[in-house]
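Notes follow once the structure below has been shown.
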Amino acid sequence: MMKAIRISPKVWWVGAIDWQLKEFHGYTTRRGSTYNAFLIMDRKITLVDTVKAPFFGEMMERIASVVDPAKIDVIVSNHAEMDHSGSLPETIARVNPSAVYASTLGVKALEAHFHDLAGKIAPVKSGDAIELGESSLKFVETRMLHWPDSMFSYLTGDNILFSQDGFGMHYAVSKIFADENDLPTMREEAERYYANILLPYSPQVLKLLDAFPGLGLDVAVIAPDHGPLWRGGMLGTPLAWYKEFAEQAVTPNALVLYDTMWHSTEKMAFAVADAIRETGCGVQVLCLASCTRSDAAAAMLKASALVVGSPTINNDLYPRTADVLTYLRGLRPKNMVGAAFGSFGWSGESVAKIEEYLKGAGVELVAPGLKVKYVPTAAALDQCAALGKAVGDALLARSAQ
Ligand code: FEO
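Taken in order, the sequence shown gives residues 1 to 401; the numbers are from the working numbering.
Structure (structure tokens):
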């Protein structure tokens, strides 16, 4: 039988560990994930969030290691996305709780996912609280972090902030607290999670971080719905990381992304990258044939320049470039400069198309796009170097401001 893990006097972790997760709606995960759910053992026994549907049995076993699941009185859904709500209908059917709560928009989202739940979920809003016995659960709506319905719940007494996706990461761990795990790995996965999930909502993240002290919550544990929980001396760590990720301050680091058919665009990419390096900036080069769109997103968060190269094929972008640029445009990075380049045979539309994507993502173009027919000559590689130098110089000027 799989067991619950006690995280405080009244609260048990009853989630699931997805060791095998490799793909999360297009986001390639490298270290699996957890779907965290929490059982509050007060007079009203309360379950905060559920797990992805295939993990329902695991969650129920962990709950049963503490209490008969039929004794659960209240279920709270902090986030309607199906990695947390997938088991909700089955849990409600099994437990028959006296109340189920979600944010106002959460009720609408859950009813739109699970039509049989219509009328069965009560809405709560920021400032509302429910009494559980010795403790109470207070609600803070966190709209667009990262869905309209998203909210935090705060448990008085044990002082636990249940933060759903916020401050989480896709990282399957058997040790539940952050201080029991490897910090550089958590940093890498938190950064990757932020880049792929939360980046477009950075203005809302900064607003929440500003408002946080004013909420008057005496937090002892931050308990996200994915990955390790934060406590003690590490409580400030995810807050500081989120501030850094959300601000996207200009750093003298560039990312060169490219794809290539016959190595011509690759030659251009290397010449561009070398010239960026010669300006004194850092540069990372990723070939889209050997990385995923999630790798590109994570690398983009560390950079303040995005330079993209693609061959032209059938009057269009190389398909992998179009895939990654579509994804990165949706993530709406801030404070970035960039440029485009590519080899072509007879029409050469790719560079203009890359520029449209970059402009759509809010990237400021600081050098004219560079097209090279077939294989770059030494003179063409000099032009690539000039493009790289223009990007590096612009980056240095920006980062000195
Ligand atoms: Fe972990 Fe937005 O779901």
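Even for Gly, the Cβ is constructed at its ideal location relative to N, Cα and C.
Beta-carbon proximity list for S103, same chain, < 6 Å, skipping 5 on both sides:
Answer for S103: E141, D149 and M151, listed in chain order.
Can you give the Cα-Cα distance for E90 and G57, rounded to whole angstroms?
For E90 and G57, the distance between alpha carbons rounds to 10 Å.
Nonlocal neighbours in the same chain, by C-beta distance under 8 Å from G26, ignoring five residues either side:
Excluding sequence positions up to five before and after G26, its CB lies within less than 8 Å of the CB of R293, S294 and Y327, all in the same chain and listed in chain order.
Taking the alpha-carbon positions, what's the H170 to R231 distance?
So the alpha carbons of these two residues sit roughly 18 Å apart.
Kindly examine the ligand FEO and report whether one of its heavy atoms sits closer than 7 Å to the Cβ of H113.
Relative to the ligand FEO, even the nearest heavy atom lies 7 Å or more away from the CB of H113.
Could you tell me the alpha carbon to alpha carbon distance between G348 and V308, rounded to whole angstroms?
When rounded, the distance between both Cα atoms is 15 Å.
Check whether the Cβ atoms of D259 and L288 sit closer than 8 Å, and answer yes or no.
Result yes, Cβ atoms of D259 and L288 sit closer than 8 Å.
Shorter than 7 Å, the distance from the beta carbon of W12 to the closest heavy atom of the ligand FEO, or not?
Between the ligand FEO and W12, a heavy atom-to-CB distance of less than 7 Å is absent.
Taking the beta carbon of V375 as the centre, do at least 16 other beta carbons fall within 10 Å, making it buried, or is it exposed?
Exposed.
Check whether the Cβ atoms of L358 and G338 lie closer than 8 Å to each other.
Yes. Within cutoff.
With a 10 Å radius around its C-beta and 16 neighbouring C-beta atoms as the bar for buried, classify T377 as buried or exposed.
By the neighbour-count rule (16 or more Cβ atoms within 10 Å), T377 is not buried but exposed.
Does any heavy atom of the ligand SAH sit closer than 7 Å to the C-beta of H25?
Judged by which ligands are present, the ligand SAH is missing from the structure shown, whose ligands are the ligand FEO.
Where do the ends of the beta strand (DSSP E) carrying G342 lie?
Start and end: V337 to F344.
Environment of A112 [buried if 16+ CB atoms lie within 10 Å]
Exposed is the label assigned to A112, since fewer than 16 other Cβ atoms lie within 10 Å of its Cβ.
Which residue from M336, I197 and F38 puts its Cα closest to that of V11?
Selected option, being the one with the closest Cα: F38.
In chain order, each alpha helix (DSSP H) run of at least 4 residues that lies wholly inside the segment 157-222
Here the runs fully enclosed are 183-193 and 202-211.
To which residues does DSSP link I451 through a beta bridge?
An answer regarding residue 451 cannot be provided, because it is not within the stretch 1 to 401 covered by the chain.
In this structure, does DSSP put T34 in helix, strand or coil?
Three-state DSSP puts T34 in a strand.
Hey, is E81 close to the ligand FEO, as in C-beta under 7 Å from one of its heavy atoms?
E81 Cβ: within cutoff of the ligand FEO.
Beta-carbon within less than 6 Å of N315's beta-carbon, same chain only, minus the 5 sequence neighbours each way: which residues are those?
If we look at N315 and ignore the five residues flanking it on each side, its Cβ neighbours are S347 and E349.
Cβ neighbours of Q401 in the same chain (closer than 8 Å, five flanking residues each side left out)
Counting only Cβ-Cβ distances below 8 Å, and skipping sequence neighbours, we find V250.
Name the two residues that bound the continuous beta strand (DSSP E) containing A305.
A305 -> beta strand (DSSP E) spans A305 to G309.
Continuous alpha helix (DSSP H) stretch holding S136: start and end:
Premise fails: S136 lies in the beta strand (DSSP E), S136 to E141, not in any alpha helix (DSSP H).
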